[in-house]
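Chemist:
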Amino acid sequence: MTPAAIAGAPALTLAPRSEPGLDVQCLGLVHLYHLEGTEVVALRGVDLDIDPGEMVALLGPSGAGKSTLLRMLAGLLRPSAGQVLVGGRDVARMSASELRAFRATEVGIVLQEATSNLLGYATVAENVAYAARGARQRRAPGAFDRPDLAQLLTLLDIADLADERIGTLSGGDQQRAALAAGVAGGGRLLLVDEPTSQLDPAGRDSVIDGMHALHDALRATIVMVTHDPAVAASVPRTVTIRDGRVGTEGRHGTQYAVVGRDGVIQLPPDLLEILPPQTLVRLRGHAHGVDLINADLEVADAAQRLDVMSETGGSGADEGGGDGHDGAGGKGGRLP
Ligand code: ADP
Numbered sequence: 001m002t003p004a005a006i007a008g009a010p011a012l013t014l015a016p017r018s019e020p021g022l023d024v025q026c027l028g029l030v031h032l033y034h035l036e037g038t039e040v041v042a043l044r045g046v047d048l049d050i051d052p053g054e055m056v057a058l059l060g061p062s063g064a065g066k067s068t069l070l071r072m073l074a075g076l077l078r079p080s081a082g083q084v085l086v087g088g089r090d091v092a093r094m095s096a097s098e099l100r101a102f103r104a105t106e107v108g109i110v111l112q113e114a115t116s117n118l119l120g121y122a123t124v125a126e127n128v129a130y131a132a133r134g135a136r137q138r139r140a141p142g143a144f145d146r147p148d149l150a151q152l153l154t155l156l157d158i159a160d161l162a163d164e165r166i167g168t169l170s171g172g173d174q175q176r177a178a179l180a181a182g183v184a185g186g187g188r189l190l191l192v193d194e195p196t197s198q199l200d201p202a203g204r205d206s207v208i209d210g211m212h213a214l215h216d217a218l219r220a221t222i223v224m225v226t227h228d229p230a231v232a233a234s235v236p237r238t239v240t241i242r243d244g245r246v247g248t249e250g251r252h253g254t255q256y257a258v259v260g261r262d263g264v265i266q267l268p269p270d271l272l273e274i275l276p277p278q279t280l281v282r283l284r285g286h287a288h289g290v291d292l293i294n295a296d297l298e299v300a301d302a303a304q305r306l307d308v309m310s311e312t313g314g315s316g317a318d319e320g321g322g323d324g325h326d327g328a329g330g331k332g333g334r335l336p
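The opening residue of the sequence shown carries number 1 in this note's numbering; numbering runs sequentially from there.
Below you can see the structure in the form of structure tokens.
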């Protein structure tokens with residue numbers, strides 16, 4: 001399956017949508033949920049930059065903080081500390097009425113269950129018209145009018161379902177209707193939570209194609225949370241959230257660790273087996289980066305080599321860890 005626009009769907013060429021999407025900046029984002037007598041730390045200092053018009057998938061284990069982050073981008077939650085800037089505006093500092101306008105005109109949100117975004121008893125066309133109404137009342141320049149909305153349904157390949165009630169549609173069709181409603185206000189940032197989690201493979205593919213068709217036509221910034229490898233594989237950039245921080249980033253299939261603004265790097269789980277938490281590491285900088293060397297293993301390795309040399313009567317010319325740098329010393333065993 002290719003992430004291309006839906007075959008045969010006309011390109012949207014409407015002037016307001018020629019504006020690129022909104023950029024996003026998260027600066028040291030922290031969020032605590034306050035429960036009775038305790039606090040849950042959901043985000044522990046997320047630094048993340050997303051360019052205008054980028055399409056990014058947020059990945060990571062359950063409970064990592066993905067949905068919390070997505071809700072924060074939408075202004076549905078205020079951070080306990082740090083900043084969220086969308087299009088350069090500090091979302092946490094918006095007043096209640098500014099937030100309402102922001103969500104009506106600048107950001108579209110598609111929550112996990114398609115039906116929580118839509119009126120089940122109304123038709124697809126009525127739902128998208130309803131979703132665009134707030135933006136039109138505010139005279140937002142990007143708001144879709146009725147012909148635009150018809151074109152939007154065609155783009156998502158659900159034009160023939162325009163007069164069908166949401167409650168009668170398949171999961172994939174409902175989800176594409178929710179995407180149409182999500183952008184109907186002309187928002188230039190679309191936030192999508194688990195768009196394919198309840199779908200069969202055909203429905204999933206139709207939703208992935210729909211998201212790419214929207215992205216190609218509208219040039220909106222799209223940030224989605226997903227567990228679905230097919231969705232993750234279809235986007236050029238993935239960001240894995242782990243323990244409330246940005247863990248790794250995938251760019252065109254290659255995984256990278258990210259140095260946070262505070263200099264912190266989160267190691268992926270497979271490397272944590274080599275460097276478990278609390279391990280002392282020696283840092284060795286060179287032209288292409290920094291090596292992290294487990295100091296205990298390095299010392300043990302040097303001691304073993306000394307033992308071998310003393311047994312074989314070797315000269316000891318290459319002793320002391322073999323890298324010729326500071327640190328190990330060759331005393332054997334754990335570091336003092
Ligand atoms: P994810 O989307 O990656 O599964 P969440 O953002 O939903 O993660 O949750 C992150 C952490 O915050 C988890 O420990 C979760 O239990 C907790 N959490 C999420 N929502 C709430 C809430 N409304 N009240 C209390 N704790 C919450």
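Cβ atoms here follow ideal geometry from the backbone N, Cα and C, with glycine treated the same way.
What you are looking at is a predicted structure, and each value in this text was computed from that prediction instead of being measured.
1. According to DSSP, simplified to helix, strand and coil, what is residue 71?
2. To which residues of the same chain is residue 214 closer than 8 Å at the C-beta, ignoring the five residues directly before and after it?
3. As a quick exercise: from 42, 112, 73, 206, pick the residue whose alpha carbon is nearest that of residue 172.
4. Specify, as a first and last residue, the run of the beta strand (DSSP E) that residue 109 falls within.
5. Would you kindly work out how many angstroms separate the C-alpha atoms of residue 418 and residue 125, rounded to a whole number?
6. Specify which residues have a beta carbon nearer than 5 Å to any heavy atom of the ligand ADP, listing them in chain order.
7. Less than 7 Å between C-beta atoms, sequence neighbours within five positions excluded: which residues of the same chain meet that for residue 281?
8. Where does residue 42 sit, in a helix, a strand or coil, going by DSSP?
9. Taking the alpha carbon of residue 95 as the reference point, which residue from 111, 87, 78, 71 has its own alpha carbon closest?
10. Could you tell me whether the stretch 253-266 touches the stretch 87-107, using the rule of 3 or more Cβ pairs below 8 Å?
11. Does the pairing of the stretch 261-276 with the stretch 62-78 give three or more beta-carbon distances under 8 Å?
12. Under DSSP, the alpha helix (DSSP H) around residue 241 begins and ends at which residues?
13. Confirm, please, whether the CB-CB distance from residue 59 to residue 196 is below 8 Å.
14. Let's see if you can read the secondary structure: which residues bound the alpha helix (DSSP H) around residue 205?
15. Cβ of residue 224 within 8 Å of Cβ of residue 57?
16. Going by alpha carbons, who is nearest to residue 80 out of 246, 31, 297?
17. So the candidates are 185, 228, 181; which of them puts its Cα closest to the Cα of residue 201?
18. Return the bridge partner residues of residue 33 from the DSSP annotation.
19. With distance defined between alpha-carbon atoms, name the residue in 309, 143, 118 nearest to residue 104.
20. Who are the Cβ neighbours of residue 42 in its own chain at under 8 Å, not counting the five residues just before and after it?
Modeler: According to the structure data:
1. helix
2. 155, 156, 179, 183, 190, 220, 222
3. When C-alpha distances from residue 172 are compared across 42, 112, 73, 206, the shortest belongs to 206.
4. 107-110
5. As shown, the chain starts at 1 and ends at 336. That puts residue 418 outside it, with no answer to give.
6. 33, 40, 42, 62, 63, 64, 65, 66, 67, 68
7. 275, 292, 293, 294, 295
8. strand
9. Distances from the alpha-carbon of residue 95 to those of 111, 87, 78, 71 put 78 closest.
10. no
11. no
12. From DSSP, residue 241 is part of no alpha helix (DSSP H) but of the beta strand (DSSP E) over 237-242.
13. no
14. Segment 201-218, the alpha helix (DSSP H) holding residue 205.
15. Inclusion of residue 224 and residue 57 in the CB contact set at 8 Å is warranted, their separation being smaller than that value.
16. 31
17. 228
18. Its beta-bridge partners are 40.
19. 143
20. 31, 32, 33, 65, 68, 244
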